[in-house]
Amino acid sequence: MDLFEYQGKQYFARYGIPVSDGDIADTVDDAVEVAERIGYPVVIKAQVQVGGRGKAGGVKLAGDAEEARAHATSILGLDIKGHVVHRLWVEHASDIKREYYASFTLDRAAKAHLCMLSAKGGVDIEQVVEEDPESIALLHVNPIDGVNVKDLVLLVDEAGIDEEAREGVVEMLERLYRCYIDGDADLVEINPLILTPEGNVHALDAKVTLDDDAAFRHPEWSDFAYAQDGDAREALARSKGLNYIGLDGSVGIIANGAGLAMSTLDVVNQVGGTAANFLDCGGGANADVMANALEVINSDSRVRVILINIFGGIVRCDDVANGVLLAIKRVGLTTPIVIRLDGTNAPLAREILTPHLSERMMLEPTMIAAARRAAEIAGKGSK
Amino acid sequence: MSIFIDENTKVIVQGLTGSQGRFHGLRNRDYGTKVLAGVTPGKGGENVDGIPIYDTVAEAVAATGATASFVVVPPKAAGAAILQAAEAGIALIVCITEHIPAKDEALVYARLKREFPGTRLLGPNCPGLISPGKCNIGITAGEIALPGGPVGIVSRSGTLTYQALHELSQQGVGQTTCVGIGGDPVPGTNFIDVLSAFEADPETRAVIMIGEIGGSEEERAAEYIRDHMTKPVVAYIAGVTAPPGRKMGHAGAIVSGSHGTAQAKMDALRAAGVIVAINPTEAGEKMVEVVRALS
């Protein structure tokens with residue numbers, strides 16, 4: 003789960019990472035009220051989960067109530083790369099002497115945690131990686147040992163952090179590591195991490211991605227429900243616990259297992275179709291899961307045909323077959339369905355489905371044949 | 061021959077008393093796997109369809125001489141279960157559990173490496189491994205595999221592993237061992253571990269490798285193949301059409317920027333002399349050609 007900036011800052015604050023005074027606002031009046039409360043100058047920032055907010059006019063400085071009102075009015079409702087701004091974060095503006103970059107994430111190749119620190123903050127870090135990789139200092143952290151001050155002191159030196167900021171940055175990195183580990187984040191990133199003229203170090207932005215698999219030990223994450231912005235189909239899928247990603251094609255896809263689902267997308271594409279979604283119904287593809295999956299796909303008006311591609315391992319194909327039949331009744335589905343089933347209990351599943359086969363429900367023997375049939379039906383519908 | 065397991069491998073199942081553990085543990089036994097004991101804390105003395113249950117892995121190992129464990133427990137308990145197996149001297153731990161927090165996984169990996177370097181962990185979040193006709197540990201449907209070799213299979217994706225087995229078996233081409241390494245960010249066993257074992261196994265004469273978007277393991281495998289493999293390799297990478305920045309189900313499957321794309325992986329593999337197929341069916345067909353050319 004990706005957090006909005008303001009949620010990331012709230013999360014940082016839990017771990018003692020200094021952030022600017024601020025509050026959220028969903029209306030222009032609220033924004034002005036927050037600005038008055040925390041004192042000018044303030045920065046008004048669009049809360050969207052997409053990079054390049056500043057360039058798109060989503061971050062503005064206001065010196066008084068009139069400016070705050072004007073900026074809040076212009077930013078609320080703004081469309082930034084397809085993300086519409088519904089919420090603002092209004093914070094006290096900081097004087098900036100220097101801008102740094104700091105993050106922790108998992109380095110999969112090294113199978114260790116990785117801290118990245120750079121004195122070149124405030125710009126797109128991917129760009130820094132491309133253009134000036136030397137300016138980023140790296141520290142691998144063994145999960146057993148954690149970070150220690152000695153290594154952090156060396157890292158800060160290597161990154162070329164200004165003398166007066168070093169102590170503050172080391173302390174910041176220790177806290178950021180605790181936030182990353184104890185907070186079960188996949189990524190914690192501060193860009194920019196700033197040094198103020200008074201010599202204080204604090205987080206001016208916050209990018210936090212939480213590890214959904216660790217939600218069981220973080221009841222406080224339910225506060226972040228607002229984090230889930232974007233696609234309505236994805237919101238519906240999430241509410242049903244499905245692993246779904248919306249795309250813009252016309253073949254709705256249900257497969258079990260992420261690999262097979264990805265592969266199904268690829269094959270549909272290869273035979274001339276376009277996928278409407280990625281949906282991995284996982285290892286528990288019973289009747290309920292199937293009905294939920296079909297309901298989500300049915301909510302997508304672009305879908306002309308549904309392709310169900312199941313290779314039973316942990317999933318039993320007969321459960322899937324019964325699920326499809328039940329789901330069709332429950333959801334009142336009229337979109338044609340092409341089904342391919344192999345693996346655990348597949349012959350039984352085919353037996354269950356055979357009496358129901360029609361122009362609305364087709365069984366194909368292989369993945370490719372099923373993809374071809376689905377693409378063909380989707381193509382006809384478009385004419 | 062087969063890699064990692066054979067007809068004599070003695071197996072315990074951690075979590076045999078759970079519904080998943082029971083279903084797959086008994087299915088593994090029905091396949092002919094020597095499933096000798098189960099482990100569930102607090103249920104020692106009970107049995108599951110005649111298989112005795114012990115409270116700890118150490119007790120189960122003492123009673124049976126098992127060297128492999130099939131871990132099928134919930135994500136909260138999986139890390140501790142894996143470490144308990146390692147402490148009891150289990151040499152091969154197969155963990156199918158999905159959704160283990162990444163921090164737990166990284167910590168377990170680091171502890172195994174430091175404290176139990178001789179232990180092999182397969183997974184987590186993997187389908188397990190099968191040596192057709194000999195031993196099946198995990199959730200693969202045994203009937204889709206065909207004994208006798210000569211093909212070894214290694215895959216990051218569960219269902220695509222089955223698909224690969226199925227494609228080959230349909231064409232009458234058997235497998236020596238099929239290993240699912242799992243799609244999580246920190247797999248205990250990686251492509252290179254399995255490729256090197258296949259390279260060393262005289263009965264394996266060709267290898268199918270199935271990768272997916274995300275990470276750089278396929279690129280590393282390509283380097284290994286280029287420098288060390290003499291046997292032909294056919295590869296398929298899933299996720300050519302995956303949009304960047306979105307996790308495609310597996311925690312590990314994500315394209316970030318230009319990194320981890322299917323195209324980059326396919327290019328690296330092709331450059332290493334690997335035959336790259338564009339879908340699982342084509343991978344099967346290409347392997348059939350390779351095998352025919354061998355004999």
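Those protein sequence lines, which keep their order, are chains L and H.
Take 3 as the starting number for the first sequence in the numbering used here and just add one per residue.
Take 61 as the starting number for the second sequence in the numbering used here and just add one per residue.
C-beta atoms are modelled at their ideal positions from N, C-alpha and C, and glycine is treated no differently.
Cutoff 8 Å: residue i Cβ touching any chain L Cβ
i               : result
M269 of chain H : no
P210 of chain H : no
N196 of chain H : no
A162 of chain H : yes
G81 of chain H  : no
M289 of chain H : no
S217 of chain H : yes
G243 of chain H : yes
G299 of chain H : yes
Q223 of chain H : yes
P177 of chain H : no
T249 of chain H : no
Which of helix, strand or coil DSSP assigns to residue i
i               : result
N311 of chain L : strand
P367 of chain L : coil
K385 of chain L : Note that K385 of chain L scores a pLDDT of 41, beneath 50, so its modelled location is shaky and nothing firm can be said.
E175 of chain H : helix
D4 of chain L   : strand
F226 of chain L : helix
F251 of chain H : helix
S96 of chain L  : coil
I299 of chain L : helix
N294 of chain L : helix
K331 of chain L : helix
L76 of chain H  : coil
M118 of chain L : strand
Exposure of residue i, with buried meaning 16 or more beta-carbon neighbours within 10 Å
i               : result
T75 of chain L  : exposed
P338 of chain L : buried
K385 of chain L : Its pLDDT being 41, under 50, K385 of chain L is placed unreliably by the model, and the measurement read from it follows with that caveat. It is exposed - the Cβ of K385 of chain L has fewer than 16 other Cβ atoms within 10 Å.
E278 of chain H : buried
N279 of chain L : buried
R306 of chain L : buried
V86 of chain L  : exposed
S79 of chain H  : exposed
R191 of chain H : One detail in the question is off: residue 191 of chain H reads as Ser in this sequence, not Arg. The residue in question, S191 of chain H, is buried, as its Cβ has 16 or more Cβ neighbours within 10 Å.
Residue-chain proximity (residue i, chain H), Cβ-Cβ < 8 Å
i               : result
Q129 of chain L : no
I256 of chain L : no
A375 of chain L : For clarity, residue 375 of chain L is Arg in the given sequence; the question names Ala instead. No, R375 of chain L lies away from the interface with chain H (no Cβ there is under 8 Å from its Cβ).
T75 of chain L  : no
Q272 of chain L : yes
F218 of chain L : yes
T368 of chain L : yes
M118 of chain L : no
G315 of chain L : yes
S105 of chain L : no
I183 of chain L : yes
R110 of chain L : yes
H115 of chain L : yes
S265 of chain L : yes
F226 of chain L : no
G345 of chain L : yes
Nearest neighbour of residue i, chosen from the options [CA to CA]
i               : options                        : result
V234 of chain H : H:T93, H:H226, H:K173          : It should be noted that the sequence gives Gly, not Val, for residue 234 of chain H. Per the Cα distances, H:H226.
V203 of chain L : L:K209, L:A187, L:A237, L:I163 : L:I163
V154 of chain H : H:Q74, H:A201, H:G202          : H:Q74
R413 of chain H : H:L152, H:T157, H:E147         : Residue 413 of chain H is absent from the model: chain H starts at 61 and stops at 355.
A324 of chain H : H:M308, H:K307, H:I297         : H:I297
A217 of chain L : H:M347, H:L354, H:A162, H:L228 : H:A162
A377 of chain L : L:A104, L:T266, L:H358, L:D214 : L:T266
D147 of chain L : L:A351, L:E136, L:V34, L:A114  : L:A114
A145 of chain H : H:I111, H:E158, H:P101, H:I160 : H:P101
Q49 of chain L  : L:A167, L:K83, L:P43, L:A323   : L:K83
P304 of chain H : H:K291, H:H288, H:A322, H:M289 : H:A322
G345 of chain L : L:T336, L:I312, L:V326         : L:I312
E93 of chain L  : L:M174, L:A33, L:C117          : L:A33
F106 of chain L : L:V45, L:V44, L:D184           : L:D184
R235 of chain L : L:D250, L:F226, L:L350         : L:D250
- prompt: Is the region 131-140 of chain H in contact with the region 180-199 of chain L, if contact means three or more CB pairs nearer than 8 Å?
  reply: no
Check: Is there contact here, the region 301-308 of chain L with the region 240-259 of chain L, by at least three beta-carbon pairs under 8 Å?
Finding: Flag = yes, the region 301-308 of chain L and the region 240-259 of chain L touch.
Review point. Would the region 238-247 of chain H and the region 214-230 of chain H be scored as touching if the rule is three or more Cβ pairs under 8 Å?
Key: Taking one beta carbon from each stretch, the region 238-247 of chain H and the region 214-230 of chain H have 3 or more pairs nearer than 8 Å; the two touch.
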